[in-house]
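In order, the protein sequence lines correspond to chains A and B. The opening residue of the first sequence carries number 73 in this note's numbering; numbering runs sequentially from there. The opening residue of the second sequence carries number 125 in this note's numbering; numbering runs sequentially from there.
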Amino acid sequence: NAGVMQNPRHLVRRRGQEARLRCSPMKGHSHVYWYRQLPEEGLKFMVYLQKENIIDESGMPKERFSAEFPKEGPSILRIQQVVRGDSAAYFCASSPISDSGANVLTFGAGSRLTVL
Amino acid sequence: KNEVEQSPQNLTAQEGEFITINCSYSVGISALHWLQQHPGGGIVSLFMLSSGKKKHGRLIATINIQEKHSSLHITASHPRDSAVYICAVTGNQFYFGTGTSLTVIP
Chain A
73 NAGVMQNPRH LVRRRGQEAR LRCSPMKGHS HVYWYRQLPE EGLKFMVYLQ
123 KENIIDESGM PKERFSAEFP KEGPSILRIQ QVVRGDSAAY FCASSPISDS
173 GANVLTFGAG SRLTVL
Chain B
125 KNEVEQSPQN LTAQEGEFIT INCSYSVGIS ALHWLQQHPG GGIVSLFMLS
175 SGKKKHGRLI ATINIQEKHS SLHITASHPR DSAVYICAVT GNQFYFGTGT
225 SLTVIP
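Shown next as structure tokens:
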């Protein structure tokens, strides 16, 4: 396992379409985090998931955005009815279970969404 | 006011110089991360700290929990160190600094 795998690396959508971004965590990692980096801005936390469970979604926009991490398969970040302001780089990170609550993060290469 | 403040925002250094990037935070944390974002956009986690000091090659990271401050040091800097360095903290939520853009000139 080369690490955290994200796909697609680049995605172009027209306004109103749906975007689905996938993240396969590192082998043995059961926690997935999604972050967004808007153009010329810093990283912003979106959501933290364990398998079949959303732990913290405080950074997710209230509408159109959803995330899941099913028992089998990758984590998916779904954006419905995309708008130009959704154009950004979306990064996924994964971590193993940590009793201390402090998690070593491994980042994926990111998925760059462009909304036309 | 941001929960995580980094300084400087931009830094240019000559190859071989010793570099320090600072991070101050205002929230309770369980860990602090130093991340490196390459010009192509990829992000690498350099360190995760909850106390003390860690060293990896030419990189050293320190944290002072009482003062809510961390520093990232690069010794004998090299042009390949040119990147954006991001401080992030995890506690009840996740907060990121806006990054320090480092350029090392040959």
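Note that the Cβ used here is the ideal one computed from N, Cα and C, for glycine as well.
Item, Value
"Rounding to the nearest angstrom, what Cα-Cα distance links A137 (chain B) and P163 (chain B) in this structure?", "17 Å"
"Going straight from the alpha carbon of E90 (chain A) to that of R184 (chain A), what length do you get?", "14 Å"
"A207 (chain B) bridges to which residues according to DSSP?", "B:L226"
"Kindly indicate which three-state DSSP category R156 (chain A) falls into: helix, strand or coil?", "helix"
"Quick one: is L110 (chain A) near chain B, going by C-beta distance under 8 Å?", "no"
"For L110 (chain A), which residues of its own chain have a beta-carbon under 6 Å away from its beta-carbon, when the five flanking residues on both sides are left out?", "A160"
"Helix, strand or coil for K178 (chain B) per DSSP?", "strand"
"Do the stretch 129-146 of chain B and the stretch 198-206 of chain B meet, that is, are 3 or more Cβ pairs less than 8 Å apart?", "yes"
"Would you grab the beta carbon distance between L121 (chain A) and F137 (chain A) for me? Rounded to a whole angstrom, and I think it's under 8 Å.", "The pair is not a contact, with the Cβ atoms about 13 Å apart (cut-off 8 Å)."
"Is it buried or exposed, P133 (chain A), if we count other Cβ atoms within 10 angstroms and call 16 or more buried?", "exposed"
"Measure the alpha-carbon distance for G88 (chain A) versus R94 (chain A) and round it to whole angstroms.", "20 Å"
"According to DSSP, simplified to helix, strand and coil, what is V176 (chain A)?", "coil"
"Please compile the residues from chain B whose C-beta is within a distance smaller than 7 Å of the C-beta of S147 (chain A).", "Correct list: empty, because the minimum Cβ distance to chain B is about 16 Å."
"For G215 (chain B), which residues of its own chain have a beta-carbon under 7 Å away from its beta-carbon, when the five flanking residues on both sides are left out?", "V151, G152, I153, S154"
"Under 7 Å Cβ-Cβ, which residues of chain A neighbour F142 (chain B)?", "In chain order: nothing, as chain A lies at least about 25 Å away."
"Taking the straight line between their C-alpha atoms, what separation do you get for K123 (chain A) and M77 (chain A)?", "16 Å"
"Taking 8 Å as the cut-off, decide whether the C-beta atoms of V84 (chain A) and S166 (chain A) are in contact.", "no"
"Could you tell me the alpha carbon to alpha carbon distance between Y107 (chain A) and P230 (chain B), rounded to whole angstroms?", "33 Å"
"Return the residues of the stretch 155-187 of chain B that lie within a Cβ-Cβ distance of less than 7 Å from chain A, sorted by chain order.", "A155, H157, G165, G166, I167, V168, S169, M172, S174"
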